[in-house]
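Residue numbers (my numbering): 3 to 208.
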DNA sequence: CGTGAGATCGCCT
DNA sequence: GGCGATCTCACGT
């Protein structure tokens, strides 16, 4: 159930996002604030490639003020605001200028359960971080934290020593080119309660 | 459990 | 001006 994780260097994240994404399943991301620490174990992610390569990516059309962080160093936080109310979190992937990232779509709380519950009143424990916007609220990460290094305080990110088994399918919420079966870059841990409820389509790996 | 609608505003064409 | 890398609540099964 709990995976053995370890802190790794930045070069681990400087690889193709489609390769990196499944390796992040089972990772533990922690965030410290004055109110305390919340840590989550990642159960679902999506890979986004860079400029010109991936029509579903915020970076597809080149650098803008919003996506500039994606063009920077790996393992930093790309946070974006959407639907007029939600913040979602990505781990920047690849080398400088590659503008790739991995969206954190779902997780389970493994530390700071009381604090996470306070941040999402009324939510069941299972739903605390199940979904990209919910995850950012449970961790207490504001949009303004965008650009932060996830390998330095107040964050910490540890990855599994041994990759976990996973399944993949089309990315959620990505319509038009970039969506559908041509980009099966959503990855999740089968049966994990932290996988978002919105879809299931599958091809399994091991 | 599934579907459907409304909320709400920054980003980029 | 149109549309999101979404969520919650209401209501039907």
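All residues carry an ideal CB built from backbone N, CA and C; glycine is no exception.
Because the structure is a prediction, the values reported are computed rather than measured.
Touch check for the stretch 126 to 136 and the stretch 145 to 161: three-plus C-beta pairs under 8 Å? Contact between the stretch 126 to 136 and the stretch 145 to 161 is absent, because fewer than three Cβ pairs lie under 8 Å.
State the CB to CB distance for the pair residue 149 and residue 71, rounded to an integer number of angstroms; the pair is presumed to be in contact (CB under 8 Å). Sure, about 5 Å apart at Cβ, within 8 Å.
Since I believe residue 155 is in contact with residue 34 (beta carbons under 8 Å), could you give me their beta-carbon distance rounded to a whole number of angstroms? The pair is a contact, with the Cβ atoms about 7 Å apart (cut-off 8 Å).
Which residues bound the alpha helix (DSSP H) around residue 19? Counting along the chain, the alpha helix (DSSP H) containing residue 19 begins and ends at 19 to 25.
Identify which residue in 168, 16, 22 and 117 has its Cα closest to the Cα of residue 139. The shortest Cα separation from residue 139 among 168, 16, 22 and 117 belongs to 117.
What number of angstroms, rounded off, separates the C-alpha of residue 188 from the C-alpha of residue 167? Rounded to whole angstroms, residue 188 to residue 167 spans 14 Å at the Cα level.
Which same chain residues, not among the five before or five after residue 162, have their C-beta less than 6 Å away from its C-beta? Excluding sequence neighbours, residue 162 sits near 5, 7 and 28.
Under a three-way DSSP split, which group does residue 197 fall into? Three-state DSSP puts residue 197 in coil, outside helix and strand.
I'd like to check one pair, residue 152 with residue 79: are the Cβ atoms closer than 9 Å? Yes, the Cβ-Cβ distance between residue 79 and residue 152 is below 9 Å.
Cutoff 8 Å; reference residue 134; Cβ partners in own chain excluding five residues on either side: Around residue 134: 88, 90, 91, 105, 106, 107, 108 and 198.
How is the beta strand (DSSP E) around residue 162 delimited, first residue to last? Note, residue 162: beta strand (DSSP E), 157 to 162.
Check whether residue 160 and residue 103 have beta carbons under 9 Å apart: Not in contact: residue 160 and residue 103 (Cβ atoms no closer than 9 Å).
CB-CB under 8 Å to residue 183, same chain, minus the five flanking residues each way: which ones, in chain order? Its chain contains 172 as the residues whose beta carbon lies nearer than 8 Å to that of residue 183, once the 5 sequence neighbours on both sides are disregarded; these appear in chain order.
Quick one: what does DSSP say residue 126 is sitting in, helix, strand or coil? Residue 126: coil per DSSP, three-state reduction.
Quick check for students: name the residue ranges of the beta strand (DSSP E) that lie wholly in the stretch 71 to 101, counting only runs of 3 or more. Taking only runs of at least 3 residues, the beta strand (DSSP E) segments lying wholly in the stretch 71 to 101 are 79 to 84 and 88 to 95.
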